[in-house]
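Protein chains in written order, with our numbering: chain A, 38 to 638; chain B, 38 to 638.
Right, dumping it as structure tokens:
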């Protein structure tokens, strides 16, 4: 039997039973689809993941990309996978028909291909995800000429796409970007500068790489108000229509802890004064454009972390079922056979933690996708509201899965004991792979400031109000079910604490202390995230309770019962953590402002 | 300037200002020493760590041991280091003069060499630590002949020592050990069986390896009551006095996530029916003997984790001081120069977390060493009490640093952003190295059951009572200082919660529910550990406040102020976590007993 890395039963539960994907079929954008189509999409993605992605997950880790003389050689399967993903329509799964896509709902595309491919082999899945992100930016803001030039090749998996933000002197601080674009009268800009940490920025699995890069037009204002977005292809189309070098050179790749199947590159633009870039949209508005891609990328990071944690969960579950060790406490007779370790309560606790993190995170991410879909099919205030909800939850959906995914993979590793630490088993790789997620596309610290400093305050706090109403809608529904009433009450209490903490922090901000307001923003994000996942578990439990009432097959009863146990786990073991966080957040004694560099000794 | 990996100022603070090592000089065992000797020991260890250990920490990771044809080739420096450590008296630092040691207090030996060497290069330090542990077992329970044969070679670093417990079918379940010893009339046993995961079980950095292995004499009772302890040398002394092979073969080594400088071996004993083992002490009492070594090894694991976390802390602190990025929130002008990231409150919070974990853990470990020293120099009930305190705190001193050391290294990695994920910087190695500690010498799950199921219940709970009295002594003293009164009260409140939770769990046990009693023992350990570290921070703060009253040098004022800030951090950010844990521990709804294998799907 093939190794399990994701549960299609769970994906269908989320899609149809929790988030009602079939509702979307009523809107013209999705009218050509059906539940059968969605099911087929899931099955086809699973097959491809099993056949192409999963078999080389360890091999890609052990044979990382090799850099030599400006070229980056990746695993030969990368080329096959990119082409197959292109041919299968996976890169353009959610793109409009007019842009060459399949026009699938975001909810479906998030599961198949992204979650399925990522759980099977995260590094291999990143190539397509980045290409889709970059292509999406061109589809949204590019000219017709740009779309015609780039989209077909990118969606076919022939050309790689990247997002190129980070520079050596500007990591989290985008206002310090210096990549320079000098206008010419030929319709392009002459580019000069460097980018670092660019995922898939150069490799031999594609024929070209299309960088969506932020930089500054000469003379632009300082800071974020002077940032423009450029397309800078590795190879440009020459006079004769052939590809020719565009003076984009890979200066090296990084040797990383994990996520080793994809190269992270250091790029130099215009070293020979012959690098051309094309402005996307209006000058000096690049950061806004980039943030469309960035928001999608942040959701993808949360999804990547959840997917790796999913693979780790199923690997440790399989081990726990087959590994005999020790006996039940009630029968310590050494002559009795040992039991499988899944019989031990502490092992079950660790598995429950993993299941709660993985399925709770996937649910929150699906919630975000549902908002993204609804934003696409509605108009006016309704559309704006969905956008606000998505904006608010993006830092949470990026960070909770990323931070907790690490702990979840770590618990998976722990279940295997000494074997978990050895590379004969897959856990140590998952543990390394998943460590990237709190870093890339904006660190957890940046997400915390985004949530508290921007998202909760924008439009006079409207996003926060909409969010509370959404959660309360779930609570009201759950309260109708006597079996969920106490959980609903616990969540209502948690929301009260969220309101109290938020009001306290706003009062600090109103008192003229911006640094104190944001000093513990990372903890606020953690606090907010736990409550958001509790919400998602209550939502899942409500659906599971309804289904249980009529379920008659053993496997289905087990599935729904497992959901209810895991919901109880989350409310019993995880939700209480908000009390300690609230105690800290309500304190605001300014400790981290007061303590100075010299005191760290 | 050399990279810092530990603070000798902090070690001296703990030794002299918190734990009054000079008190020990009054006892005959330590009368020949002096504070000057202790200082010299620290300085010499630091010099050796800087010169020999630290320079090859990354190299040993990147060039792990190589197995070929039964032999294990380790980094050539291992031989030099073992010999120098032997010649310098480091392996026998705390051994009695009569056993060839330096008779240093445990408190001193824990810092120098163990913490200092481990912080500089954990893998390299393990070879000596294991040798000292195995030699200690021979010194305690071996015959004079055994001592004469093994101790001089082991303490000189010429022969490696190991502890050989784990077998393929018996990881955490020692009652299932099967290594067999068949009595002969030659004074030795013929051994047959296998051991796995044996650290430094075979390598070319020494001339011989001495295994202290648990097994069963043929016909011994099943379970732990039939376990005996054997010395099984890799090479035995032949008739002519030369070393000859003893049919102990290395069948392979494991490829590990981290801690790569030391080989972890799979050993086969008696494949050719010619493996001799010598019984240590009485038959069937082996587990009790082994636990002396095991307890020491568990303390060493906690110390190893703290030491790696110390190196990670100083590496991320150095980075935070030199890396410019972003600006203070109050001045977002992009034309201003960027500030070092240590100016950002969220970075300070992460550094404070690391400092709190590292220095809190080292303090708890020193507390344990002080009890070990007092046990050595006292008699009767007093001695028994120190032993009980040490027994009680051993699982805590093993697990808190191990679990939190991972999170601490992870925060260090996070401070470096993308660079933290790359192997140009040392954080990713520390993050891998430190992941072993919740696994080896008894997983965290095992430690939790040991604390709650054995240590808290033995002798009618006497150890717990003694512990509460120790913590309250610290509280009473801190209360005298108005500046610490609120912290003292917070700790008293936490103790109250500890008593409440413990009483609740005992009532579950008394109700005849042993599995329910221990179901969340891991969480009880976490809960207990946070309070224990809060105690240690209050102890340190009390000493720091006293010293601050008369300190006049800037560096000293900064040092003590840093201690007070970190104590405030621990009470403000970490201690509140006990509330969420207590809420769970007081629940005992049996969730992890109720949920079954089939529900994980």
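Glycine included, each C-beta is placed from N, C-alpha and C at the ideal position.
Endpoints, beta strand (DSSP E) assigned at residue 382 of chain B: It is not in any beta strand (DSSP E) - residue 382 of chain B instead sits in the alpha helix (DSSP H) that spans 382-414.
What did DSSP end up calling residue 70 of chain B once you bin it into helix, strand or coil? For residue 70 of chain B, the three-state secondary structure derived from DSSP is coil.
Looking at the unbroken alpha helix (DSSP H) that takes in residue 541 of chain B, where does it start and where does it end? 522-547 is the extent of the alpha helix (DSSP H) around residue 541 of chain B.
Smallest Cα separation from residue 391 of chain B: which of B:342, B:374 and B:184? Each of B:342, B:374 and B:184 was checked against the Cα of residue 391 of chain B, and the nearest Cα belongs to B:342.
How is residue 140 of chain A classed by DSSP in three states: helix, strand or coil? Reduced to three states, the DSSP call for residue 140 of chain A is coil.
Would residue 218 of chain B pass as a contact of residue 255 of chain B if the rule is Cβ separation under 8 Å? Note that the C-beta distance between residue 218 of chain B and residue 255 of chain B is below 8 Å.
Element boundaries [alpha helix (DSSP H), containing residue 441 of chain A]: Element bounds for residue 441 of chain A: 417-452.
At 8 Å on the CB atoms, spell out the chain B contacts of residue 636 of chain A, in chain order. Within 8 Å Cβ-Cβ: 595, 598, 599 and 602.
Can you tell me which of B:476, B:597 and B:435 puts its alpha carbon nearest to the alpha carbon of residue 566 of chain B? For the residues B:476, B:597 and B:435, the minimum Cα distance to residue 566 of chain B belongs to B:435.
Are any of the Cβ atoms in chain A nearer than 8 Å to that of residue 197 of chain B? At a cut-off of 8 Å between beta-carbon atoms, residue 197 of chain B makes no contact with chain A.
Can a CB atom of chain B be found closer than 8 Å to the CB of residue 383 of chain A? Residue-level contact check: residue 383 of chain A touches chain B, since one or more beta carbons of chain B fall below 8 Å from its beta carbon.
Enumerate in chain order the residues of its own chain whose CB-to-CB distance from residue 347 of chain B is below 7 Å, with the five nearest sequence positions on each side excluded. Result list for residue 347 of chain B: 42, 43, 156 and 395, in chain order.
Alpha carbon to alpha carbon, how far is residue 38 of chain B from residue 186 of chain A? Low confidence applies here, because residue 38 of chain B scores a pLDDT of 45, under 50, leaving its location unreliable; read the following figure in that light. C-alpha separation (whole angstroms): 54 Å.
For residue 629 of chain B, would you say it is in contact with chain A, using Cβ-to-Cβ distances shorter than 8 Å as the test? With its beta carbon less than 8 Å from one in chain A, residue 629 of chain B belongs to the interface.
Starting from the beta carbon of residue 292 of chain B, find every residue of chain A whose beta carbon is closer than 8 Å, and list them in chain order. 459, 460 and 461, listed in chain order.
Any C-beta of chain A under 8 Å from that of residue 559 of chain B: Chain A contact via Cβ: present.
Under 7 Å by beta carbon: chain B residues contacting residue 613 of chain A: Per Cβ cutoff of 7 Å: 617, 620 and 621.
Beta-carbon proximity check, residue 410 of chain B vs residue 61 of chain B, cutoff 8 Å: Yes, these two residues count as a Cβ contact at 8 Å.
Would you say residue 624 of chain A faces chain E, with C-beta separation under 8 Å as the test? Absent from the structure: chain E. Protein chains present are A and B.
Identify each residue in the segment 351-362 of chain B for which the Cβ-Cβ distance to at least one residue of chain A is less than 8 Å, and report them in chain order. Cβ contacts with chain A come from 354, 358, 361 and 362.
Taking residue 475 of chain A as the query, report the chain B residues whose CB atoms sit under 8 Å from its CB, ordered along the chain. The contact set of residue 475 of chain A on chain B, defined by CB atoms closer than 8 Å, consists of 451 in chain order.
Helix, strand or coil for residue 621 of chain B per DSSP? Three-state result, residue 621 of chain B: helix.
With DSSP run on the structure shown, which of helix, strand or coil describes residue 55 of chain B? Helix, per DSSP.
Which residues share a DSSP beta bridge with residue 287 of chain A? Its beta-bridge partners are A:304.
Between residue 573 of chain A and the rest of its own chain, which residues show a CB-CB distance below 6 Å, the 5 nearest in sequence each way excluded? 397, 400 and 401.
According to DSSP, what are the bridge partners of residue 253 of chain B? BP columns for residue 253 of chain B point to B:217.
Short check: CB of residue 307 of chain A to CB of residue 232 of chain A, under 8 Å? Inclusion of residue 307 of chain A and residue 232 of chain A in the CB contact set at 8 Å is not warranted, their separation being larger than that value.
Could you name the residues of the segment 220-235 of chain B whose beta carbon sits closer than 9 Å to any beta carbon of chain A, in the order they occur along the chain? Under the 9 Å Cβ criterion, the segment 220-235 of chain B contributes 233 and 234.
Counting contacts by CB-CB distance shorter than 8 Å, is residue 208 of chain A in contact with chain B? Output row for residue 208 of chain A: interface = yes.
Answer yes or no: do residue 375 of chain B and residue 359 of chain B have a C-beta to C-beta separation smaller than 8 Å? No, Cβ-Cβ distance for residue 375 of chain B and residue 359 of chain B is not below 8 Å.
If we ignore side chains and look at the alpha-carbon of each, how far apart do residue 97 of chain A and residue 447 of chain A end up? Taken atom to atom, the span from the alpha-carbon of residue 97 of chain A to that of residue 447 of chain A is near 21 Å.
Three Cβ pairs or more, each shorter than 8 Å: is that satisfied between the segment 137-148 of chain A and the segment 279-289 of chain A? Output reads no: the segment 279-289 of chain A does not touch the segment 137-148 of chain A.
Three-state secondary structure assigned by DSSP to residue 574 of chain B: It is helical.
For residue 270 of chain B, which three-state DSSP category applies? For residue 270 of chain B, the three-state secondary structure derived from DSSP is strand.
Backbone secondary structure at residue 248 of chain A - three-state DSSP: It is a strand residue.
Simplified DSSP state of residue 319 of chain A, which is helix, strand or coil: Residue state, collapsed to three classes: coil.
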